[in-house]
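Q:
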Amino acid sequence: MNKMLKVAALLSVALAAGCAHVDISSPKSLSGLDVIGSPTQADRQVVVRNSGIHVLWWFPLASGDMRWDEEKQDIKGGLDFFADHCNSDVCMEVLEGIAKRENCDLVGVYFTDMTKSGFDVTTMSGLFAWVGGLYEVQACGILRPRGAAPAKEAK
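In this text, residue positions in the sequence shown follow my numbering: the first is 419, and each later residue adds one.
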């Protein structure tokens with residue numbers, strides 16, 4: 419019983435911390451790097467990721483609050499119960515908000531959905547995934563400054 423209380427305390431601390439993350443590299447960290455299809459060179463990279471917990475196959479129990487807050491010019495952050503903010507639309511909205519805030523254009527965006535879905539009750543792992551599981555999504559993009567000098571032509 420004492421061990422279960424410790425595990426429950428650790429899980430509640432992990433949930434209270436929130437699951438939404440925004441990582442952006444320092445300005446000019448990608449200086450000199452050409453991006454295919456972009457008229458100017460890259461400046462930095464931005465990565466947004468969010469995770470959530472679902473129960474009974476796909477009912478959202480909680481996820482990080484990844485929605486963009488125009489007043490703060492940042493994500494809302496924290497934990498949002500019974501909401502699903504783990505999707506590419508929300509990630510793209512955040513990437514666009516960051517690009518606008520940093521006065522940059524967004525190029526080279528890609529998404530990674532690490533969610534495992536399906537209905538497999540023939541194995542123990544499939545049964546546990548049906549009862550409750552973790553879903554994650556990530557988006558990455560490259561920021562290039564607006565009004566920057568054009569990239570050099572390749573010879």
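Positions of the beta carbon are idealized from the N, C-alpha and C atoms, including for glycine.
Excluding sequence positions up to five away, which residues of its chain have a Cβ less than 7 Å from the Cβ of VAL431?
A: In the sequence shown, the residue the question calls residue 431 occupies position 13. Low local confidence applies: a pLDDT of 47 at VAL431 is under 50, so the model's placement there is unreliable, with the coordinate-based value given in what follows. The answer is none, since no qualifying residue turns up.
Q: For ALA480, which beta-bridge partners are listed by DSSP?
A: If you number the sequence shown from 1, residue 480 lands on position 62. DSSP output for ALA480 lists ILE471 and PHE499 as bridge partner(s).
Q: Would you call the region 553-561 in contact with the region 454-466, where contact means no fewer than 3 C-beta pairs closer than 8 Å?
A: yes
Q: Under 8 Å by Cβ, that's how I've got HIS472 and MET484 pegged, so tell me the actual separation to the nearest angstrom.
A: As a working mapping, residue 472 is identified with position 54 in the sequence shown. As a working mapping, residue 484 is identified with position 66 in the sequence shown. Contact doesn't hold; Cβ gap of about 16 Å is too wide.
Q: Taking one C-beta from the region 539-554 and one from the region 511-524 each time, how about it: are there three or more such pairs within less than 8 Å?
A: no
Q: Would you kindly report the start and end of the unbroken beta strand (DSSP E) that includes LEU552?
A: Position 134 of the sequence shown, counted from the first residue, corresponds to residue 552. Run containing LEU552: 550-563, per the beta strand (DSSP E) assignment.
Q: Kindly indicate which three-state DSSP category ARG485 falls into: helix, strand or coil?
A: Within the sequence shown, residue 485 is the residue found at index 67, counting from 1. In the structure shown, ARG485 sits in coil (DSSP, three-state: anything other than H, G, I, E or B).
Q: Quick check on this structure: which residue in LEU448, LEU479 and VAL453 has the alpha carbon closest to the alpha carbon of PHE500?
A: Numbered from 1 along the sequence shown, position 82 holds the residue referred to as residue 500. Taking only the C-alpha atoms, the option nearest PHE500 is LEU479.
Q: Quick one: residues in its chain with C-beta nearer than 7 Å to the C-beta of ARG519, no 5 flanking neighbours on either side, listed in chain order?
A: In the sequence shown, the residue the question calls residue 519 occupies position 101. The residues are GLN491.
Q: Between which two residues does the alpha helix (DSSP H) holding VAL440 run?
A: Here residue 440 corresponds to residue number 22 of the sequence shown, with the count starting at 1. Careful: VAL440 lies outside any alpha helix (DSSP H), inside the beta strand (DSSP E) at 439-442.
Q: Thinking just about the alpha-carbon of each residue, which of ASP531, SER543 and THR541 is nearest to the one in GLU376?
A: Because the chain in this structure spans residues 419 to 573, residue 376 falls outside the shown range and cannot be described.
Q: Residues in its own chain within less than 6 Å of GLY482 by CB, not counting five upstream and five downstream?
A: By one-based count along the sequence shown, residue 482 stands at place 64. Here GLY482 has GLY436, CYS437, ALA438 and ASN468 as same chain residues with Cβ atoms under 6 Å from its own Cβ, once five neighbours each way along the sequence are excluded.
Q: From which residue to which residue does the alpha helix (DSSP H) around LEU513 run?
A: Here the question's residue 513 lines up with position 95 in the sequence shown. 506-519 is the span of the alpha helix (DSSP H), which, as asked, contains LEU513.
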